[in-house]
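Shown next, in structure tokens, is the structure this report addresses.
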Amino acid sequence: MPTSFHLLADAPAQLLPARELMAFTLASHIILVPLGVALPFITLVMHYRGLRRNDATALLLARRWSAVMAVQFALGIVTGTVLSFEFGLLWPGLMGRWGDVFGIGFGVEAWAFFLEAVLIAIYLYGWRRLKPRTHFLLGLPLPAAALLGAFGILAANSWMNTPQGFSLDPEGNPVDVNVWKAIFTPMFGPQYWHFVVAMIITAGFMVAGVYAVGWLRGRRDHYHRLGFAVPFTIAAVATPVQFVLGDSIARSVFHKQPVKFAAMEIVWKTDTRVPEYLFGRLQEDGTVSGGIKIPLLDSVLAGFSPDTKVVGLTSVPADERPTATQATIAHWAFDIMVLIGSALVLLALWYGLIWLRHRRLPASAWFYRSAACAGVGSVVAVECGWIATEVGRQPWIVYQNMRVADAVTSTRSTSLWIMLGVVMVVYVLLFGSFLVVLLKMRTRWRLADEQRATGGAAHVPEADTPYGPRAPLPAGGGAARAEDGRP
Amino acid sequence: MTADLIAVVLLLAVAAYACAGGTDYGAGFWDLTAGGAERGKRPRWLIDHAMAPVWEVNNVWLIFVLVIMWTGFPTLFQTVFSAMWLPLALAAMGLVLRGAGFAFRKPSRRLVDRRLYGAVFAVASVVTPFFLGTAVGGVASGRVAQGTEASANAWANPTSLMFGLVAIATTAFLGAVFLTGDARRFDAPDLVGYFRARALGGLAVLTVLAVITGFVTHEDSPHVWHGLTHGLGLFFVVVAGAAALVTALLLLRTPGTWVRLAAVGVVASAVIAWGMAQRPYLVPTSLTVADAAGSPATLTWLAIVTLVALLLVVPAVVLLYWLDTHGELQELTEAELGEGDGEG
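Which chain is which? The protein sequence lines are A and B, in order.
Using this note's numbering, you'd call the opening residue of the first sequence number 427 and step up by one each time.
Using this note's numbering, you'd call the opening residue of the second sequence number 145 and step up by one each time.
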């Protein structure tokens, strides 16, 4: 491959494809993250219920969810491995200079992930032969491992937002690394808890949404009630918590990354009595077109008083802040996230009030329609939150210390465009297959349920497996016999 | 001092990945060469069932290798990924396709789907180790230095090509050895002989390739050649050779658990021999361990994190492999997923 002629090529040529590639692969990976972090927890809750109440239906749900977890976790591993390769393939400058300052978080994450992979394998493949109690107990550390993994990733990301724990030598290289400070950066706490709760909410609503659809189609048995109520309750409890956490992280951004806050709220000039814009577009000259303007609100939200001074984008030179377009993107992402979050709070309140007053699930079809959309909504909110935090940090890859353009690989932009094209095709196929596999599993399970419901002849599932003989089904010894066979 | 320790940890992680990941890729190699849908049914069935519980864990080692590289030796990471852009990008794509192919093949029922996913999985299983091997070869032959731009020369050279081929042969050998044991475990006596023959064949090919690689490195990578023929490097080469003999003997007799250990010994010793031969360089002869090392505080913490993690992960991994080899881990069948009265 001829390399000489691109040595002097200007950085921006490969900057765009590198950015697009990173954005695309991360955005895809993020769809899987809530399931990876919180589905084990939700499944264990269901599993516990099944063991505790001797409820075969709950155990069936837990088993099926763990089968989904298997496929999802595998896909998460491959898309996650791609991301760690991309640190080197796309951003060698970032890792080469700062790797030893903020890389330790990834070290924690790698081991946590390792632990999670081991525990998931044991949990998934332990249903048949392990004693029910042993099996459940071996699954119990899973959520802790997931939290630890999230800890590592969020430590790294929050360090990029508020880097600290080092000093620069005359050549601008980091020395005197203080690992502790580099992990616990000012944005770490707010980002971490915001993220964890977001994962629980998203996974809960995603799973519950599946059964909400079933409910709307008239399947209102114990199986669907349980499959809906457990994840939805978990998510509904977490949603109001997230409202408070989200409000608090916005104020942390306001204090720690004022220019990012200005981008998220499209504030042009530093001022007091700043209005809040719902949507709207920031123009190059600093005016805002479109959107709904609410006087004073931004100052009030940032500091509880109209006299709060909000730093504007123009407080720093143009090459140290997001462009007008980037600010608009961050702003829209932020607003969409907040709107979806607020809608989810209302949905959770609806659910909670009915439960408090009547001790039952809501009966309204509109509730289930909203619940069916809540899963997709929370995924969109998660993506928006990520866009707001990443685009709002531009042009920095390490806030105020390294520009994205200085970190990018020197590989020819053509190679990167080609790779982006290939990756997009592969990922579309991957996620398409993922969806198809999930839908097929669902159909198969539903057929099995219906067959049992009509008392049909026992179906021998091995018969249609193209692979050879299987070990015979284990005989009894399980915790639960079905009291109602119909799940 | 700490830097040397972390360099050893890195080398051991690479060795672990070569063994665990290698076994995994090897299963894919034999999946690819198992023949048509009818003829290859039995071996593929075994491969599917033997790999399923452990393949994710096997591949997480790679992530750990990358993390140690960028945290402990940031310059090394930057250098390698800049110079070896293409093979590493191709390896990354191979990893995606492989994992996805395997994950999707299992729940698919239609023969067409299984064929497609299976083919993707198997081809990627051969391509990925080849490119990882070429990248390692490029490093070993000293063609990479700080500031080297991505170029074909860095990875399309005699040492790289040999390392790539050796990587494939290693995976095939390891895969066959482990599948021999799995065949016994899954009560498939016909497959014991099937994979034993392939393990011996793999070992023979690997030996031939290793000898050729020796000649090639003599010309192409003098520093590594010198290291492999002196001191600790030579010692581990001898250990690898002895382990290979033991493996062959055990394979000819009654393959049991020991043959796995011996096979792992071959691969791990070979990797360690390469690492020892490179001393004191991470990239011969331009980047030493000391030069590439990150901040001392970070290295200390990396050592602590590694230690704590070992205390957590080793018992978990041992438990996983123990449960797996004792047949405690089995896939859920459709019957259990389809009906409410399956036991918990």
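In this text, a Cβ means the ideal position worked out from N, Cα and C, and glycines have one as well.
Could you tell me whether any Cβ in chain B is nearer than 8 Å to the Cβ of residue i?
i        : result
Pro569/A : no
Ala439/A : no
Pro892/A : In this prediction, Pro892/A scores a pLDDT of 29, lower than 50, which makes its location untrustworthy; no coordinate-derived value is stated.
Arg555/A : yes
Thr840/A : no
Met586/A : no
Asn827/A : no
Thr740/A : no
Gly575/A : no
Ser859/A : yes
Ser593/A : no
Ser454/A : no
Pro518/A : yes
Trp619/A : no
Name the chain B residues that come within less than 8 Å of residue i, Cβ to Cβ?
i        : result
Val601/A : Ser439
Leu417/A : Limits of chain A in this structure are 427 at one end and 913 at the other, which puts residue 417/A out of reach.
Ser768/A : The contacting residues do not exist; Ser768/A stays about 37 Å from chain B at best.
Report the CB separation of residue i from residue j in whole angstroms; it is logged as a contact under 8 Å.
i        : j        : result
Leu190/B : Phe330/B : 6 Å
Ala571/A : Ala538/A : 5 Å
Thr451/A : Thr505/A : 7 Å
Thr272/B : Gly308/B : Not confirmed; about 10 Å, so no contact.
Ser836/A : Ser226/B : 7 Å
Val736/A : Asp724/A : 6 Å
Ala756/A : Met690/A : 5 Å
Phe654/A : Ala634/A : 5 Å
Leu431/B : Thr215/B : About 16 Å; that fails the 8 Å criterion.
Leu422/A : Leu447/A : Here chain A has residues from 427 to 913 only, and residue 422/A is not among them.
His648/A : Thr483/A : 5 Å
Below 8 Å on C-beta distance, what does residue i contact in chain A?
i        : result
Thr215/B : Gly525, Asp526, Gly529, Ile530, Phe532 and Gly533
Leu447/B : In the sequence as displayed, the identity of residue 447/B is Ala instead of Leu. Within 8 Å Cβ-Cβ: nothing; Ala447/B doesn't reach chain A, min ~10 Å.
Pro218/B : Met521, Gly522, Arg523, Trp524, Gly525, Asp526 and Gly529
Thr442/B : Asp526, Val527, Gly529, Ile530, Val603 and Val605
Glu200/B : Phe499, Ala500, Ile503, Ala543, Ile546 and Ala547
Asn203/B : Ile503 and Thr507
Would you verify that the beta carbon of residue i is, or is not, closer than 8 Å to some beta carbon of chain A?
i        : result
Phe275/B : no
Phe322/B : no
Val457/B : yes
Phe208/B : yes
Phe359/B : no
Leu155/B : no
Ala453/B : yes
Val211/B : yes
Leu464/B : yes
Leu396/B : no
Glu182/B : no
Leu335/B : no
Between residue i and the ligand ATP, is the CB less than 7 Å from at least one heavy atom?
i        : result
Ala327/B : Here there are no bound small molecules, and the ligand ATP is not part of this structure.
Who pairs with residue i in a beta bridge, going by DSSP?
i        : result
Leu708/A : Val714/A
Ser593/A : Val601/A
Lys719/A : Tyr703/A
Asp697/A : Val736/A
Arg829/A : Trp822/A
Val427/B : Leu431/B
Determine the chain B residues that contact residue i at a beta-carbon separation under 7 Å, and present them in chain order.
i        : result
Met495/A : Within 7 Å Cβ-Cβ: nothing; Met495/A doesn't reach chain B, min ~11 Å.
Thr469/A : Within chain B, no residue comes near Thr469/A; the closest Cβ sits about 13 Å away, beyond 7 Å.
Ala444/A : Result: empty, since nearest Cβ-Cβ is about 12 Å, beyond 7 Å.
Ala536/A : Ile207, Phe208 and Val211
Could you tell me which chain A residues have their CB closer than 7 Å to the CB of residue i, listed as they occur along the chain?
i        : result
Phe221/B : Gly514, Met521, Gly522 and Gly525
Val461/B : Val544
Worksheet item: Of the residues that make up the segment 232 to 244 of chain B, which ones have a beta carbon closer than 9 Å to any beta carbon in chain A?
Response: Leu232, Ala233, Ala235, Ala236, Met237, Leu239, Val240, Leu241, Arg242, Gly243 and Ala244
Discussion item. By the 9 Å beta-carbon criterion, what residues does the segment 843 to 855 of chain A contribute toward chain B?
Written reply: Met845, Val848, Val849, Val852, Tyr853 and Leu855
Worksheet item: the segment 256 to 271 of chain B: which residues have C-beta closer than 7 Å to a C-beta of chain A, in chain order?
Response: Arg258
Worksheet item: Taking Cβ-Cβ distances below 8 Å as the criterion, which residues of the segment 497 to 512 of chain A are in contact with chain B?
Response: Val497, Phe499, Ala500, Leu501, Ile503, Val504, Thr505, Gly506, Thr507, Val508, Ser510, Phe511 and Glu512
Item to complete: Output, in sequence order along the chain, the residues in the segment 674 to 693 of chain A whose CB is closer than 7 Å to any CB in chain B.
Response: none
Worksheet item: Looking at chain B, which residues of the segment 539 to 553 of chain A have a Cβ within less than 7 Å of any of its Cβ atoms?
Response: Phe539, Phe540, Leu541, Ala543, Val544, Leu545, Ala547, Ile548, Tyr551, Gly552 and Trp553
Worksheet item: Of the residues that make up the segment 716 to 747 of chain A, which ones have a beta carbon closer than 8 Å to any beta carbon in chain B?
Response: none
Discussion item. Any C-beta of chain B within less than 9 Å: which residues of the segment 781 to 803 of chain A qualify?
Written reply: none
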